[in-house]
Amino acid sequence: MPSAFAGEESVPQTGGSFYSDVRDEAIALNALIDADPGNNQIGIMAKHVSDKLKSRYWLSTQERAFAFLSLGKLARSANKSDVTADIKVNGKTVAKVEGGQWTGNQAALKGTNIDIETKGNGRLYYFWVAEGISNTGAYKEEDNYLRVRKRFYDRNGKLLTGNTFKQNDLIIVNITLERSYSTDIENVVITDLLPAGFEIENPRTKEIPGMDWLKDAADVRSLAVRDDRIHFFVDADRTKKNFYYAVRAVSPGIYKMGPVSADAMYNGEYHSYNGAGVIKVVQ
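For the record, in the sequence shown the residue sitting at position 27 is 906 according to the numbering used here, with numbers rising by one throughout.
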């Protein structure tokens, strides 16, 4: 067995086996705990993996899975714990942890000040995840390894520069995707959120008469259409890709328009968000 986990560091991949430096060391740590639980490399490798988990905001599915598998196995083998805990919100106990079991009111954790008080021997591990849409509608517009943009055309191919549309107009939505990275980025999902005044007329513009001007439409792996959004499942390579779909302006009014987004499905570090705003539909 080598004296240390060393060698060429993997560059994270978004397809194939999804290998990366985090995933590779976590797999090695997981195997080493079973094969030689007293090996002095275990502590060093565990620190490597845990430090990378702390320092990297975006992790792929495999990085998370193998890292938590190896660190979880280490925690289970190293700690025979009798620790208990009180979870307090604004000084009031709302939940308890005893014998590894949680009891309490999860809804009460919406308080601003949360404290965990432990007793006994051993360590207590916990994590906290919060996600959702900002109640102000604000979002961070950024390009991280990917660049996605949205434009509107009329049915004859004329670029529409404003955000005011006439009721019953057919509008062609053009979404472009580029990578700003040296290698291909696989398994990317593009999501376009529709304003309430639009309805999807046809996600396949080639089927609409008079669309001969659309000559650069890229192929997609898969397409998913919902009432308020459309998803394109694609890969980002060295070429700029164009995707099109048709919407109809149906209801007069002023509406908020969500951003178009592109995310690598197995590594959220690769993403782009752009183009939220307000549209107006007039009679």
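Glycine included, each C-beta is placed from N, C-alpha and C at the ideal position.
- G1076 is classed as buried because its beta carbon has at least 16 other beta carbons within 10 Å across all chains shown.
- Between S1130 and the set G1089, Q1046, K1094, R1117, the nearest pair of CA atoms involves Q1046.
- Taking 8 Å as the cut-off, the beta carbon of E1020 is found closer than this to the beta carbon of Y1152.
- Taking one beta carbon from each stretch, the stretch 1025-1042 and the stretch 1135-1152 have 3 or more pairs nearer than 8 Å; the two touch.
- I1050 is the residue among I1050, N1023, N1042 whose C-alpha sits nearest the C-alpha of R1034.
- Around the Cβ of P1074, a 10 Å sphere holds 16 or more other Cβ atoms; the residue is buried.
- The beta carbons of S929 and L950 sit about 6 Å from each other, so the pair counts as a contact at 8 Å.
- Here T940 is exposed. Its C-beta has fewer than 16 other C-beta atoms within 10 Å.
- For N1053, the uninterrupted beta strand (DSSP E) segment begins and ends at 1049-1058.
- Taking 8 Å as the cut-off, the Cβ atoms of K952 and N909 count as close.
- Fewer than three beta-carbon pairs drawn from the stretch 1154-1162 and the stretch 1085-1092 are found closer than 8 Å, and the two stretches are therefore not classed as touching.
- Between Y1124 and R1083, the alpha-carbon positions lie close to 6 Å from each other.
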